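Participant: Numbering (the working numbering), first residue to last: 1185 to 2025. Below is one structure. I have some questions about it.
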Amino acid sequence: MRFPLKHILLLGFLFSISHTVLFSQPPVTYSSSDIYLQLKKLNVLGSVLYVAAHPDDENNGFLPYLAKERLYRTGYLSLTRGDGGQNLIGSEQGVELGLIRTQELLAARRIDGSEQFFTSAYEFGFSKSAAEALTIWNKDQVLADMVFVIRKFQPDILIARFPGDARAGHGHHWASGLLANEAFLAAADKTKFPEQLKLGLQPWKAKRILLNGFNFGNNNVSGPLRMDVGGYDPLIGKSSGDLGGEARSMHKSQGEGRPRRKGEIIENFVVTGGDTATTDIMEGIVTDWTRIEGGTEIKARINNIIKQYNFEHPEYSVDSLIEVYKTIQGISYRGMWRQLKLNELQDIIVNCSGIFAEATTREEFVLQGDTASVGFFVNKRNNGKASLESVWLSTDSKTVDQLLKTNQNYSYELKEPIREPAVVNATQPYWLQLPQTPGNFNISQPFLVGKAWNDPLLTAVFNIKINDITFSVRRPVQYKYIDPVKGEVYQPFILMPHLSLSLSPHVALLNVKNEKGKRSVDSIYVRYKSNFTQQNVPSTLYLLQDSARTAFEKQPRSYEKGKQYTIALPLKQFYNPSQEYLEAAMRIYLGGQTYVYSKYFRSIEYDHIPNIHYSAKDHIKFINEEIKTVGKKVGYINGAGDMVPDALKELGFDVKMLEEADVTDAGLASFNAVIIGIRAPNIYDWLSDKQDILNNYVKNGGNLIAQYVKSNTVGTKRLKLGPYPFSISAGSRVTDENATVNFLLPEHPVLNYPNKITDKDFDGWIQERSTYQVDQADPHYEMPLSMNDKGEKPANGSLAIARYGKGNFAYVSLVLFRQLPAGVPGAYRLLSNLIALPKNK
């Protein structure tokens, strides 16, 4: 990534120490045991960077061993944010899922004590080879990102999760192994990515890179260097396996709940570059203060503090810690470890002094041009001596000079005007601020490379004097409120737009024909939600089709905070058949300023992670191709991350969402078709118990359509699905969305009625063709299609249909759930044909 020289990094960039974002969490309070561990870590100067492809590729038993038991500075570099995965907890897909999985990783890091990094790579879905992955990703870009993180983090060793060959299984895994070894060498080479050196980074040569043994599919990679990482720590009352299970269980969107493991956990390693090692991954590396000139004395003094530490009175250690702080300030060494340990030591001194400090607001958001009111709160909860000199925001401050008495509350308030350009895009995740390519996010500023998340909108500073040193204690400004069920809740304090604008329907079908005639969308709707209140605001609604912008409506409008407004736009007034997409924008004149809003503002809320906020342009895609439908009523059993019901409604079907109690013989009798959502049988245990009822529905003339499942088992039970047995394979998939589709049974009703399916219906697909295909099936199943990725044999398991009684059962591994929201016409036509499969005599 090449940046202009004007983007020189801000002071402190090179030695910023935390990429595990802690805002939107209650301020961390430390027990005496926590502080004792901090003191022990203060004497450890070793670092490890773990590298893999996806969020859930991390080794959750090993990372806490490194960070909590060995006390190394530990980082996890995930090449992607997991955007292309599946979602078991909601309907979010793509970048939205990537946002969720990023925060799930940060939740895991708060448990295991590691730091989190990413590259700009977008997870575009399953890949079968490194060559494909590195073609879609900009290889040089991702490699540059990795080198940037290595040069900034300066690890003693790198550990790759996957080998750089076909044993890795997934193409992304394979590519991550290749790139990790390339980055290990490139980071030390001053001729590689020299633009990074102009930003203040220096070449960094790690001691070695190792491959962590693993199992993936049928591949087992082991190594000669073996270590037990399952040790128990009485100070925290948990083993690395306990922490690993808790951290892994933060991957809730992936259904990755895991047990807290006890006992021995053996990890094995192979050195793939750099110095050899036979007994320990850090063999030959000095990991204490003696690696630094002048560090021997510091090590001895810290050891003495640890020996004399009083668990009931941590404040007794403050005087000695202050002296160590001054000593570290005075050493001639100016490398990374000096600033890292000064930052750690400040935290320890503040914690030993019993300081609790937070900065909060009573409102969740602020608007551009408004002023935020921020409350500062301090309490000193032991007998340590400290005084609060002042509190600061970027444009406001207050001199306090208050001696902090034990267990007394001190509160202050400052105001911060929110002006451009300082906070432009402050709430928008930084990697979504520029248009992305198919394989990469575009990052606007160099100092953002590798970061897990944005910095908070506002940061408060408490200048606290302890002995003769004033420490600037920084805290994120957070929104704090009391929930009657959850109690005290902290969430991000965010910048919101005055208006959030959305469009519907997202896919407008203009030529749907059913038994009663033609059905077409005749109007589209612009919806805008106001986040402010004001009367008679000059407003102009613009419609944008391709490069053409039309001022559709210009008039004063009144806005009320929290209220949503709808404008219906008849198609006949603006629709141009030659233009496939429509966008909209609202321009308002407010407070002497002109604002233009063309995006919707979305909040994603789950209890296990902080609220996520982002914005994106909405659009409508118009489909003019003829789509014929037969039937009226469809029952739908919702799956994971499922938006198929919306598509069914756009086709004109009367859709009823089915719960367990609805799946009875009488309850299903009225439906032309019943559709089982993606992975639903892997989610709902009760579906297996309902198979006799579902099969009976088919026998009596219904059409049962099951979208892809992820496993042949549900828990310990064999999956029951369909009237005849079949099995699926996780490895049987077609990842090339443009792969040729062959019609094996061209006369089959699914390819002819009511829509004639042709090659054209497979144009414009996104991400992939098919996943978790049928690999073995009872002879009753017919396979109308075959397809394959380049270099592979054709597979016919993407669509399996069996006649049973008067009706039909279809297993569909074609990824219709991705194509329908994307507005792929052929997906709508094929879905209509599946619903219309004719009854058998």
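All C-beta atoms, glycine included, are put in the ideal place defined by N, C-alpha and C. Since the structure is predicted, the reported quantities are computational estimates derived from the model, not experimental observations.
If you check the beta carbons only, do Gln-1960 and Ser-1911 fall under 8 Å apart?
Facilitator: yes
Participant: Kindly indicate the opening and closing residues of the alpha helix (DSSP H) around Met-1520.
Facilitator: 1520-1536
Participant: Which residue from Thr-1724, Arg-1786, Gln-1287, Asp-1730 puts its Cα closest to that of Glu-2100?
Facilitator: For residue 2100 there is no data in the structure shown, the boundaries of the chain being 1185 and 2025.
Participant: Quick one: residues in its chain with C-beta nearer than 6 Å to the C-beta of Phe-1758, no 5 flanking neighbours on either side, listed in chain order?
Facilitator: Residues of the same chain with a CB within less than 6 Å of the CB of Phe-1758, apart from the 5 flanking positions on each side, are Leu-1727 in chain order.
Participant: Where does Gln-1287 fall in DSSP's three states?
Facilitator: helix
Participant: Return the CA-CA distance between Pro-1605 and Gly-1553, expressed in angstroms with no decimal places.
Facilitator: Low local confidence applies: a pLDDT of 49 at Pro-1605 is under 50, so the model's placement there is unreliable, and no value is given.
Participant: Return the bridge partner residues of Asn-1887 from the DSSP annotation.
Facilitator: Ala-1857, Asn-1992
Participant: If we count the other Cβ atoms within 10 Å of its Cβ and call it buried at 16 or more, is Lys-1745 buried or exposed?
Facilitator: The C-beta of Lys-1745 has fewer than 16 other C-beta atoms within 10 Å across all chains shown, which makes the residue exposed.
Participant: Using the three-state DSSP reduction, which class does Met-1411 fall into: helix, strand or coil?
Facilitator: strand
Participant: Does the stretch 1430-1448 come close enough to the stretch 1378-1396 to have 3 or more Cβ pairs within less than 8 Å?
Facilitator: no
Participant: What would DSSP say about Gln-1386, mapped onto helix, strand or coil?
Facilitator: coil
Participant: Please return the same chain residues whose Cβ sits closer than 8 Å to the Cβ of Leu-1551, not counting the five positions on each side in sequence.
Facilitator: Ile-1602, Leu-1679, Met-1680, Pro-1681, His-1682, Asn-1715, Phe-1716
Participant: Measuring CB atoms only, is the stretch 1688-1697 touching the stretch 1570-1589, in the sense that at least three cross pairs come out at less than 8 Å?
Facilitator: Touching, no.
Participant: Which residues does DSSP list as the beta-bridge partners of Ala-1752?
Facilitator: Tyr-1709
Participant: Quick one: grab the DSSP three-state call for Arg-1475.
Facilitator: helix
Participant: For my contact list, Tyr-1234 and Leu-1255 are in at a C-beta cut-off of 8 Å; report their separation, rounded to the angstrom.
Facilitator: With a beta-carbon spacing of about 16 Å, Tyr-1234 and Leu-1255 fall beyond the 8 Å limit used to define contacts.
Participant: Counting C-beta neighbours from all protein chains within 10 Å, is the total for Phe-1495 16 or more, i.e. buried, or is it exposed?
Facilitator: exposed
Participant: Can you tell me whether Asp-1676 is helix, strand or coil according to DSSP?
Facilitator: The question names Asp, but residue 1676 is Pro in the sequence shown. Note: Pro-1676 maps to strand in three-state DSSP.
Participant: Terminal residues of the continuous alpha helix (DSSP H) containing Gln-1338?
Facilitator: For Gln-1338, no alpha helix (DSSP H) segment is defined, and its DSSP state is neither H nor E.
Participant: Tell me whether Gln-1748 is buried or exposed, calling it buried when 16 or more other Cβ atoms sit within 10 Å of its Cβ.
Facilitator: With fewer than 16 other Cβ atoms within 10 Å, it is exposed.
Participant: Jot down the residue ranges of each uninterrupted beta strand (DSSP E) in the stretch 1537-1585, minimum 3 residues, whole runs only, in chain order.
Facilitator: Within the stretch 1537-1585, the complete beta strand (DSSP E) runs of at least 3 residues are 1539-1545, 1549-1551, 1555-1564, 1571-1576.
Participant: Given Leu-1618, which residues of its chain have a CB within under 8 Å of its CB, disregarding the five upstream and five downstream residues?
Facilitator: Phe-1625, Asn-1626, Ile-1627, Ser-1628
Participant: Have a look at the DSSP bridge pairing and note the partners of Leu-1395.
Facilitator: Ala-1344, Val-1454
Participant: Is it a yes or a no for the stretch 1441-1461 touching the stretch 1270-1277, going by three-plus beta-carbon pairs under 8 Å?
Facilitator: no
Participant: What are the start and end residues of the alpha helix (DSSP H) that includes Ala-1824?
Facilitator: Run containing Ala-1824: none; DSSP gives neither H nor E here.
Participant: Who does Glu-1737 pair with in a DSSP beta bridge?
Facilitator: Leu-1725
Participant: Does the beta-carbon distance from Val-1333 to Leu-1263 come in below 8 Å?
Facilitator: no
Participant: Could you check what DSSP says for Leu-1189 in three-state terms: helix, strand or coil?
Facilitator: Because the pLDDT at Leu-1189 is just 32, under 50, the model does not fix this residue reliably, and the point stays unresolved.
Participant: So, with DSSP's three-state summary, where would you put Met-1434?
Facilitator: coil
Participant: Just mark Leu-2014 as buried or exposed, buried being the case when its beta carbon has 16 or more other beta carbons within 10 Å.
Facilitator: buried
Participant: Taking Cβ positions, are Glu-1834 and Pro-2009 nearer each other than 8 Å?
Facilitator: Taking 8 Å as the Cβ cut-off, Glu-1834 and Pro-2009 do not qualify as a contacting pair.
Participant: For Pro-1622, which three-state DSSP category applies?
Facilitator: Secondary structure of Pro-1622 (DSSP, three-state): coil.
Participant: Can you tell which of Lys-1840, Phe-1646, Pro-1909, Leu-1616 has the C-alpha that lies nearest to the C-alpha of Asn-1638?
Facilitator: Leu-1616
Participant: Just reading off the beta strand (DSSP E) that Gly-1259 is part of, what are its end residues?
Facilitator: 1257-1262
Participant: In chain order, which beta strand (DSSP E) runs of at least 3 residues are fully inside the stretch 1904-1953?
Facilitator: 1910-1913, 1925-1927
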